[in-house]
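First the structure, in the form of C-alpha cells, and then the observations on it.
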Amino acid sequence: MKQVVHRPASLTDKVFHFCPGCHHGIVHRLVAEALDHFGVRERTIGVASVGCSVFLYDYFAVDVIEAPHGRAPAVATGTKRVLDDRIVFTYQGDGDLAAIGTAEIIHAANRGENITVIFVNNSIYGMTGGQMAPTTLLGQRSTTSPYGRDRLRDGYPIKMAEMLAALEGPSLVARVAVDRPANVRKARRVIRRAFEMQVEGKGFSFVEVLSACPTNWGLSPREANKRVADEMIPYFPLGVMKEKDVVDVL
Numbered sequence: 000m001k002q003v004v005h006r007p008a009s010l011t012d013k014v015f016h017f018c019p020g021c022h023h024g025i026v027h028r029l030v031a032e033a034l035d036h037f038g039v040r041e042r043t044i045g046v047a048s049v050g051c052s053v054f055l056y057d058y059f060a061v062d063v064i065e066a067p068h069g070r071a072p073a074v075a076t077g078t079k080r081v082l083d084d085r086i087v088f089t090y091q092g093d094g095d096l097a098a099i100g101t102a103e104i105i106h107a108a109n110r111g112e113n114i115t116v117i118f119v120n121n122s123i124y125g126m127t128g129g130q131m132a133p134t135t136l137l138g139q140r141s142t143t144s145p146y147g148r149d150r151l152r153d154g155y156p157i158k159m160a161e162m163l164a165a166l167e168g169p170s171l172v173a174r175v176a177v178d179r180p181a182n183v184r185k186a187r188r189v190i191r192r193a194f195e196m197q198v199e200g201k202g203f204s205f206v207e208v209l210s211a212c213p214t215n216w217g218l219s220p221r222e223a224n225k226r227v228a229d230e231m232i233p234y235f236p237l238g239v240m241k242e243k244d245v246v247d248v249l
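Residue 114 in numbering that gives the first Met the number 0 sits at position 115 of the sequence shown; the count goes up by one each step and never skips.
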C-alpha cells in the first residue's frame, strides 16, 4: 500500500505528551508543514513559552529558545533583530500570551516586528491546573471560577485577534480552529500565509487557533470538539481580521 501522508521533516519522531483529544498536536503539525513548504527548517528558531508549549524543543526539529512566562514576543524580537536572516516564531497559550504576556504581544505587534506568532486559545490554563484564563468564556467553570466566569466579577473574555487587528503594526491577524477537517484545512492555509508574510519580510503575523482542552474542561474529546464549535466559535468568530500589503523594506 502506498503511503500518502508523511510526518513533516520539521517534526521529530518523539511521541506527543499532550492529553487525548488535545489539539496541540494538530497545530504542531500545521506549523511544521508550513516550515517544510518554505524550506526554512534549517534557519528557523522557535520561541516557547511557559505552559503546554514548554516542550517545543522535543517536537520540532529546529532550534528552540525557552522564554520566561509571557515574554516570548520580546525574546523573539531580540532574536530576529540580531539574526534577521532567521525565521522566528513564538508558540503560546492563552494563559501566557493573553495574561502575563499582554504587554509583550501588544507592543511587538504595534512595532510590526517581522515574526510569526501562533496563539493557541483553549480558554483555560492547561498545564497548571485548569485555572480561569483571560479567554475563559462567561459561565465557564474552572478551578478558580467553580461557579462559572461572572462578567461583573471577572470581566469579559479577551478577544486577542480583534485587539491586535486594531493596531497599525500587524500585517496579518487571523483566527482559525482545528475542531473538524474543514477547519483544519483552512487553518493550514492561514498558518502557511502567516509564515509567508515573514519569509517575504512583510512584518508581524498573528494566528489565533481555537483549541480543545478535554482534561481541564472535564469533557470527552468528542464533547470538547463540540464545545469548540458550539461555544467558542460563536464568541471568537473565525476569519482573517487584517491582512495588508507592505511595500516598505523591513
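By construction, the Cβ of each residue, glycine as well, lies at the ideal position given by its N, Cα and C atoms. None of these values were measured; they are calculated from a predicted model.
Among the options, the one whose alpha carbon lies nearest that of residue i
| i | options | result |
| --- | --- | --- |
| S9 | V3, P19, V26 | V26 |
| R70 | T101, T135, R85 | T101 |
| V172 | V61, I104, V4 | I104 |
| Q197 | K13, W216, K225, D84 | D84 |
| R188 | F59, V239, G154 | V239 |
| L163 | R148, G154, A108 | A108 |
Span of the beta strand (DSSP E), counted from its first residue to its last, around residue i
| i | result |
| --- | --- |
| R289 | Residue 289 lies beyond the range of the chain shown here (0 to 249); nothing can be said about it. |
| F37 | Not the beta strand (DSSP E): F37 falls in the alpha helix (DSSP H), residues 23 to 37. |
| L209 | 204 to 209 |
For residue i, the three-state DSSP class (helix, strand or coil)
| i | result |
| --- | --- |
| E242 | strand |
| E65 | strand |
| T115 | strand |
| A164 | helix |
| G92 | strand |
| T143 | coil |
| T43 | strand |
| L82 | coil |
| N215 | helix |
| V87 | strand |
| L136 | coil |
| L237 | coil |
| V248 | With a pLDDT of 40 at V248, under the threshold of 50, the predicted position of this residue should be treated as unreliable, and no value is reported. |
| E120 | As written in the sequence, residue 120 is Asn, which differs from the Glu given in the question. Strand, per DSSP. |
Cut-off 6 Å between Cβ atoms - residues of its own chain near residue i, not counting five sequence neighbours on either side
| i | result |
| --- | --- |
| Y56 | V63 |
| G128 | T142 |
| D247 | Because the pLDDT of D247 is 48, which lies under 50, any placement of that residue in the model is unreliable, and the question is left without a value. |
| F118 | Q91, L96, E207 |
| A33 | I190, R191, F194 |
| M126 | G50, C51 |
Buried or exposed by the 16-neighbour rule on C-beta atoms within 10 Å, applied to residue i
| i | result |
| --- | --- |
| Q2 | exposed |
| Y90 | buried |
| D95 | buried |
| D244 | exposed |
| H5 | exposed |
| D178 | buried |
| M159 | buried |
Opening and closing residue of the alpha helix (DSSP H) in which residue i lies
| i | result |
| --- | --- |
| I190 | 180 to 198 |
| E230 | It is not in any alpha helix (DSSP H) - E230 carries neither H nor E in the DSSP assignment. |
| R110 | 101 to 110 |
| D153 | 150 to 153 |
| K225 | 220 to 226 |
| L55 | 55 to 58 |
Cut-off 7 Å between Cβ atoms - residues of its own chain near residue i, not counting five sequence neighbours on either side
| i | result |
| --- | --- |
| L249 | Note that L249 scores 39 on pLDDT, short of 50, meaning its location in the model is unreliable; the coordinates nonetheless yield the value given after this. The residues are N113, G200, G202. |
| Q250 | Any question about residue 250 goes unanswered here, given that the chain covers just 0 to 249. |
Beta carbon proximity, residue i to chain B, threshold 7 Å
| i | result |
| --- | --- |
| A60 | Protein chains in the displayed structure number just one, and chain B is not present. |
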